Structures are given as structure tokens and as C-alpha cells.
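Chemist: Note that the UniProt record's numbering has the sequence shown beginning at 1, numbered continuously upward. Even glycine gets a Cβ: it sits at the ideal position worked out from N, Cα and C. Predicted, not measured: the structure shown is a model, and the values here were computed from it. Once you've had a glance at the structure underneath, I'll fire off some questions.
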Amino acid sequence: MLVTDPTSPDFNSYASADDLSKYAEGRDLELPEKTEPLLIKAMDYLTGLNWQGQRTKDDQPLAWPRSNVVFDGRLYPKDKIPRELVTAQCMLAIEAKEGDLLASNREAAIKRERIEGAIDTTYAIADGESFKPSYPAVDSMLREFTTSTFEANAIARRA
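Okay, here's the thing in C-alpha cells:
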């Protein structure tokens with residue numbers, strides 16, 4: 001069961017089944033009868049992102065709401081969940097219809113392709129390696145709320 005109330009100890013989803021239904025309807029997309037598993041798969045992906053700021057409460061079950069988040073040059077309200085996050089969860093839920101979001105990406109860059117009576121294709125990923133999932137539209141939507149995994153500390157001193 002989805003719980004979208006951030007004050008509940010069982011809070012487990014930013015988007016409701018109704019949010020997903022409205023998102024799909026507005027884009028003329030088909031949904032299966034059971035949509036809650038799709039939203040949970042989407043949450044699995046969102047849980048792994050590096051968010052700006054800190055959880056508002058230490059014991060809250062999900063990453064949002066957060067404090068010390070700067071959005072559009074201003075501090076984002078620490079008691080709100082961004083609508084972009086709800087939309088991103090719905091976008092990911094639609095992607096989850098095809099399977100597990102974290103299992104693999106469905107494509108790899110072509111490293112080499114040759115046609116001489118038959119096609120010989122080499123992908124940029126080696127056999128036995130796995131793909132890193134990539135959802136550019138979601139990443140773009142959440143860009144201002146996330147941080148990169150690369151951080152550097154530096155001290156500059158004038159001589």
C-alpha cells in the first residue's frame with residue numbers, strides 16, 4: 001500500500017496512484033491495472049540519488065522533505081516535497097512497466113559496426129559488465145535538487 005503522507009512513519013512514496021494516473025492520462029499512456037509496484041520501483045531508483053541538503057527529521061523514512069536545499073537561487077521550503085520529484089517518480093514508474101529500473105540500461109553506445117555481407121557490431125561495454133541506468137529526462141528535471149557524486153575540497157592561499 002502506498003503511503004504519501006510525509007508525517008506518517010510508513011511514508012513510502014512521493015507520488016500517489018492518482019498522480020500516476022493523471023500523468024499517464026495527460027500523455028495518452030497505458031497503465032496496467034496494478035500501478036503501486038511501478039511507483040515502488042520508481043522509489044527504489046530515487047532513493048539512490050544524491051540529494052542536496054539534509055533530511056528535515058532524522059527519523060523520516062524517505063529523503064524528502066529536506067532542509068538547506070537551494071532551488072532557483074532560494075532556499076526551498078523544508079516542509080515541502082517538490083512537484084518535480086512527484087513528476088519524476090511518475091516518469092520512472094512509466095519506465096518501470098518495461099522491467100526493473102536498476103537492473104540495466106536497455107542500450108549501449110556502439111563502439112564499432114561493420115557491414116560486409118553480414119553485420120558485425122561491437123558495443124562500448126565489455127561482456128560480463130553491466131549497464132548503468134540512465135534516465136536523462138528525470139535527471140534533468142531533478143538537477144537542481146541533486147548533487148554530483150564528485151566533490152573536492154581545496155584551500156587557496158596567496159603567497
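Do you know how far the Cα of L38 is from the Cα of R27?
Modeler: Cα-Cα distance, rounded: 17 Å.
Chemist: Out of E144, D100 and T7, which one is the CA nearest neighbour of S134?
Modeler: Comparing Cα positions, the closest option is D100.
Chemist: Which residues does DSSP pair with F71 in a beta bridge?
Modeler: Beta-bridge pairing links F71 to R74.
Chemist: Pairing CB atoms from the stretch 79-93 with CB atoms from the stretch 38-48, are three or more of them under 8 Å?
Modeler: These segments touch.
Chemist: Residue range of the alpha helix (DSSP H) that A93 falls in?
Modeler: Where A93 is concerned, the enclosing alpha helix (DSSP H) stretches over R83 to E95.
Chemist: So, helix, strand or coil for M1, using DSSP?
Modeler: Coil at M1, not helix or strand.
Chemist: Using C-beta distances below 8 Å, list every residue in its chain close to P32, excluding the 5 sequence neighbours before and after it, in chain order.
Modeler: If we look at P32 and ignore the five residues flanking it on each side, its Cβ neighbours are L38 and K97.
Chemist: Just to confirm, is the Cβ distance from T146 to N68 under 7 Å?
Modeler: No, the pair does not count as a contact, with Cβ atoms beyond the cut-off.
Chemist: Going along the chain, which residues of its own chain have a beta-carbon closer than 6 Å to the beta-carbon of D79, five neighbours each way excluded?
Modeler: Correct list, in chain order: P65.
Chemist: Let's see if you can read the secondary structure: which residues bound the alpha helix (DSSP H) around P37?
Modeler: P37 -> alpha helix (DSSP H) spans E36 to T47.
Chemist: In terms of DSSP beta bridges, what is T56 paired with?
Modeler: According to DSSP, T56 bridges with nothing at all.
Chemist: Assuming F11 contacts P61 under a Cβ cut-off of 8 Å, what Cβ separation, rounded to an integer in Å, is found between them?
Modeler: Rounded, the Cβ-Cβ distance is 5 Å, consistent with contact.
Chemist: Assuming contact is defined by CB atoms lying nearer than 7 Å, are L2 and S13 in contact in what I supplied?
Modeler: For L2 and S13, yes; Cβs fall inside 7 Å.
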